[in-house]
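Student:
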DNA sequence: TCTTTTAGATATATCGTTATAGCATAAATA
DNA sequence: TATTTATGCTATAACGATATATCTAAAAGA
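Residue numbers (the working numbering), protein chains in the order written: chain A, 1 to 334; chain B, 1001 to 1334.
#1: What do you get for residue 1260(B), buried or exposed, if any count of 16 or more other CB atoms within 10 angstroms of its CB means buried?
#2: I believe residue 108(A) touches residue 124(A) by the beta-carbon criterion, under 8 Å. Please report the beta-carbon distance rounded to the nearest angstrom.
#3: From 1308(B), 1321(B), 1313(B), 1323(B), pick the residue whose C-alpha is nearest to that of residue 1088(B); which is it?
#4: Any Cβ of chain B within less than 8 Å of the Cβ of residue 94(A)?
#5: Would you tell me roughly how many angstroms separate the C-alpha atoms of residue 323(A) and residue 169(A), rounded to the nearest one?
#6: Tell me, which residues are paired with residue 319(A) by DSSP?
#7: Using the Cβ count rule (16 or more neighbours within 10 Å means buried), how would you classify residue 5(A)?
#8: Which bits of chain B does residue 151(A) rub up against, with CB to CB less than 8 Å?
#9: Output, in chain order, the set of chain A residues within a Cβ distance shorter than 8 Å of residue 1075(B).
#10: Would you decide whether residue 1143(B) is buried or exposed? Buried here means 16 or more other CB atoms lie within 10 Å of its CB.
#11: Using a beta-carbon distance cut-off of less than 9 Å, what residues from the segment 1245-1271 of chain B approach chain A?
#12: Use the C-beta contact count for residue 85(A): other C-beta atoms within 10 angstroms, 16 or more gives buried, fewer gives exposed.
#13: At the level of alpha carbons, what is the spacing between residue 1041(B) and residue 116(A)?
#14: Please report the distance separating the alpha-carbon of residue 291(A) from that of residue 193(A).
#15: May I ask which residues mark the beginning and end of the alpha helix (DSSP H) holding residue 1244(B)?
#16: Count the other CB atoms, across all protein chains shown, that sit within 10 Å of the CB of residue 1003(B); report buried if there are 16 or more and exposed otherwise.
#17: Taking C-beta pairs closer than 7 Å, name the residues in chain B that residue 4(A) reaches, listed in chain order.
#18: Kindly say whether residue 54(A), judged by its beta-carbon, lies nearer than 8 Å to any beta-carbon of chain B.
#19: Cα-Cα, which of 1126(B), 1223(B), 1320(B), 1136(B) is closest to residue 47(A)?
#20: Which word fits residue 1316(B), buried or exposed, when buried means at least 16 other C-beta atoms lie within 10 angstroms of its C-beta?
#21: At 8 Å on the CB atoms, spell out the chain A contacts of residue 1012(B), in chain order.
#22: Along the segment 120-134 of chain A, where does the CB come closer than 7 Å to a CB of chain B? Name the residues.
#23: Over what stretch of residues does the alpha helix (DSSP H) that includes residue 22(A) continue unbroken?
#24: What residues in the segment 1109-1120 of chain B bring their beta carbon closer than 8 Å to a beta carbon of chain A?
#25: I think residue 1068(B) touches residue 1110(B), with their Cβ atoms under 8 Å apart; what is that distance to the nearest whole Å?
#26: Using a Cβ distance threshold of 8 Å, determine whether the segment 267-277 of chain A contacts the segment 158-176 of chain A, with at least three qualifying pairs required.
#27: Taking the C-alpha atoms as reference points, what is the distance between residue 1114(B) and residue 226(A)?
#28: Taking residue 1122(B) as part of the beta strand (DSSP E), name the residues at either end of that continuous run.
#29: Could you pull out every residue in the same chain whose Cβ sits closer than 8 Å to the Cβ of residue 1008(B), ignoring the five residues on either side in sequence?
#30: Should residue 96(A) be labelled buried (16 or more other beta-carbon atoms within 10 Å of its own) or exposed?
#31: When the cut-off is 8 Å and only beta carbons count, does residue 1222(B) lie next to chain A?
#32: Which residues bound the alpha helix (DSSP H) around residue 51(A)?
#33: Kindly say whether residue 18(A), judged by its beta-carbon, lies nearer than 8 Å to any beta-carbon of chain B.
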């Protein structure tokens, strides 16, 4: 294997100076057609590729952004990422994804490494337990940053979901179907998103005089949803409907029903959140609060682009609404 | 927002020279305890974080690696990634994930951007239609690279799966159960992985005098698996068992059966590949050729580490075996 | 013919680090 | 006391690129 090609080696190969090569590569300055060809040929021969870190160091222009996500294995997130990448890719940015797994220590390490790389911008879902030191560090670095799902503070752009509105809508839907004992299932701890969602659920219940509700925890995956639903049914047999924190949990809940020979939408109503691809092929197909993850991702990307172009503009907060998508897991109480 | 802190600003704050700060930050050289404290305090106050690009440029040491994956939304890949990250994170490397979506043009753009960043290492699943130019470019850059799933060429390390062995095992299992009309379902085009898997299937069939088999294409997701299975059953009603290219397709196939009121493992045997988490909670639970994705990821990481430590060592090829995990989607012909 | 303009290239400084060598001052040795 | 050695810090050059200024030769104008 040869050594990495640099401007210097290309310049030598083409018999010109280093700045000349630099100008040819970027299409700036006054260069004769003859020299241009000579340089391009040499660059091609040596497989020259610009060292963007060295370039960025001098020019101050960064075309790399990072995306710190809290759970890479969640298909909803994967689709958001694809939306972000689609738009930023078209604008000439490289998007690198890092998985924090919602662990503050891991996030801190990743964030440190990210800052060390001096990328152009950052999108992140602040991990649970994110401490003030981390926020102070991030602010000190002056990196254009957008918070996703969970707002970090008022000085930082934020893109998220109207969570309370969505769960209120879901709960209302179940009440209108005639349900009186509705539980909330999913999510762990009282993080921002879950707090909002639970609030929307609780407020709607109490506004209708249906008590304080039943709130049940579980991690965001199918297996956890399955066993949580089993426990819930055992402890609270009067429940006839559940609002779920996410589709994975909702699908898990439906699996629990199926194991007991029950049918979702008939014996028990289940409503999800996210509208992941699995929701459509689930049996029965899942009624859910739909977010278009791809659009959400593109919105995120646009906010980040705006921030990078104008670092001094006031911070923005963007919230998108969820839409109730009726499929077959909700119905009148059986 | 303040300007980004540098060694120079910390040096000024602490009243010492730039090299002194550099030495304190890295714990090298001879520094008095007094100066050390002074510098650390100044660094903390300004939230100084090393610019790793500038550092790497001088020292030649890179602690960032990239992972170009062909499908981020596939949970199997997500688990492989988590294995890679776990090990490399512990060794002080930052892993950035890029999604090529198996598109050669997108891969080419990402690879270019990656090379421009001069990272320390690369793991990639060469996209379908990867051209020789791309390989030549990569070779010219002298970046430690490991190919995953699909070998790029003999000069490059490779970590993958014993595909033919696995599908042969799967096919043999079905034959032993008494099946005589076994189809192969899933995958698109004749890429390396699919070719090997189909070969394992075809050889086993013909060795048993069961003809050439039926090979059916479809993308690696549940919905595609569902409709492909419907078509397959319509065109080839004699088929009683299918070997699938992946669990997503297998689960989709089971959904197709359920829609027709059929039961996998009884009316039709289905065997998957990967053993993703969904395989366990599928109804019925999926029989599959299991790979431990996390271990695979850690293996990958170790090969990359070895390569980075010794760039001149001969290229290695590592293949892991799949294990038949019996659940409920295979049984005697109904 | 002499000056001015312009095209086409290059010299030089710089970005934020690290590596190497060097230079004081204090301590240890002869 | 003179010399060596160790300690603690700094000057300088480099990494690979870009920005700015400069320089030469040819073309255009006076």
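Idealized CB from N, CA, C, for every residue including glycine. Source: prediction; values computed, not measured.
Tutor: According to the structure shown:
#1: Against the second chain, residue 1260(B) aligns to sequence position 260. Classification of residue 1260(B): exposed, given that the 10 Å Cβ count is below 16.
#2: Looking up residue 108(A) in the first chain gives position 108. Looking up residue 124(A) in the first chain gives position 124. The pair is not a contact, with the Cβ atoms about 12 Å apart (cut-off 8 Å).
#3: Start at 1 with the first residue of the second chain, and residue 1088(B) comes out as number 88. Taking only the C-alpha atoms, the option nearest residue 1088(B) is 1308(B).
#4: Counting from 1 along the first chain, the entry for residue 94(A) is found at position 94. It does; some Cβ of chain B falls within 8 Å.
#5: As a working note, residue 323(A) is residue 323 in the first chain. As a working note, residue 169(A) is residue 169 in the first chain. When rounded, the distance between both Cα atoms is 9 Å.
#6: As a working note, residue 319(A) is residue 319 in the first chain. Its beta-bridge partners are 160(A).
#7: The count along the first chain starts at 1 and reaches residue 5(A) at position 5. Per the 10 Å Cβ criterion, buried.
#8: Here the question's residue 151(A) lines up with position 151 in the first chain. Those within 8 Å of residue 151(A) in chain B number zero; the least Cβ separation is about 18 Å.
#9: One-based indexing of the second chain puts residue 1075(B) at position 75. Chain A residues near residue 1075(B): 73, 75.
#10: Along the second chain, read from residue 1 onward, the residue named residue 1143(B) stands at position 143. Buried, since its Cβ has 16 or more Cβ neighbours within 10 Å.
#11: 1251, 1252, 1255, 1258, 1259
#12: In the first chain, counting from the first residue as 1, residue 85(A) sits at position 85. Buried, by the Cβ-count rule.
#13: The sequence position of residue 1041(B) within the second chain is 41, counting from 1. The sequence position of residue 116(A) within the first chain is 116, counting from 1. Between residue 1041(B) and residue 116(A), the C-alpha separation is close to 19 Å.
#14: If you number the first chain from 1, residue 291(A) lands on position 291. If you number the first chain from 1, residue 193(A) lands on position 193. Distance between the alpha carbons of residue 291(A) and residue 193(A): 14 Å.
#15: Along the second chain, read from residue 1 onward, the residue named residue 1244(B) stands at position 244. Careful: residue 1244(B) lies outside any alpha helix (DSSP H), inside the beta strand (DSSP E) at 1241-1244.
#16: On the second chain, position 3 is the one that residue 1003(B) refers to. By the 10 Å Cβ count, residue 1003(B) comes out exposed.
#17: By one-based count along the first chain, residue 4(A) stands at place 4. The answer, in chain order, is 1141, 1142.
#18: As a first step, residue 54(A) is located in the first chain; it is residue number 54 there, counting from the start. Residue 54(A) counts as touching chain B.
#19: As a position in the first chain, residue 47(A) is number 47, starting the count at 1. Cα-wise, what sits closest to residue 47(A) is 1136(B).
#20: For the purposes of this step, residue 1316(B) is identified with residue 316 of the second chain, where counting begins at 1. Classification of residue 1316(B): exposed, given that the 10 Å Cβ count is below 16.
#21: Within the second chain, residue 1012(B) is the residue found at index 12, counting from 1. The premise fails here: residue 1012(B) is roughly 16 Å from chain A at the closest Cβ pair, so nothing lies under 8 Å.
#22: none
#23: Here residue 22(A) refers to the residue found at position 22 of the first chain. First-last of the alpha helix (DSSP H) with residue 22(A): 18-26.
#24: 1109, 1110, 1112, 1113, 1114, 1115, 1116, 1117, 1118
#25: If you number the second chain from 1, residue 1068(B) lands on position 68. If you number the second chain from 1, residue 1110(B) lands on position 110. The Cβ separation is near 6 Å, so the contact holds.
#26: yes
#27: Within the second chain, residue 1114(B) is the residue found at index 114, counting from 1. Within the first chain, residue 226(A) is the residue found at index 226, counting from 1. Using only the alpha carbons, I get a separation of about 41 Å.
#28: Here residue 1122(B) refers to the residue found at position 122 when the second chain is read from its first residue. Looking at the DSSP string, the run of the beta strand (DSSP E) that includes residue 1122(B) is 1121-1124.
#29: For the purposes of this step, residue 1008(B) is identified with residue 8 of the second chain, where counting begins at 1. Correct list, in chain order: 1018.
#30: Along the first chain, read from residue 1 onward, the residue named residue 96(A) stands at position 96. Counting Cβ neighbours within 10 Å, residue 96(A) comes out buried, since at least 16 surround it.
#31: Counting from one through the second chain, the residue named residue 1222(B) turns up at place 222. At least one chain A Cβ lies under 8 Å of residue 1222(B).
#32: By one-based count along the first chain, residue 51(A) stands at place 51. Unbroken run through residue 51(A): none, as it is neither H nor E.
#33: The residue labelled residue 18(A) in the question sits at position 18 within the first chain. Not an interface residue.
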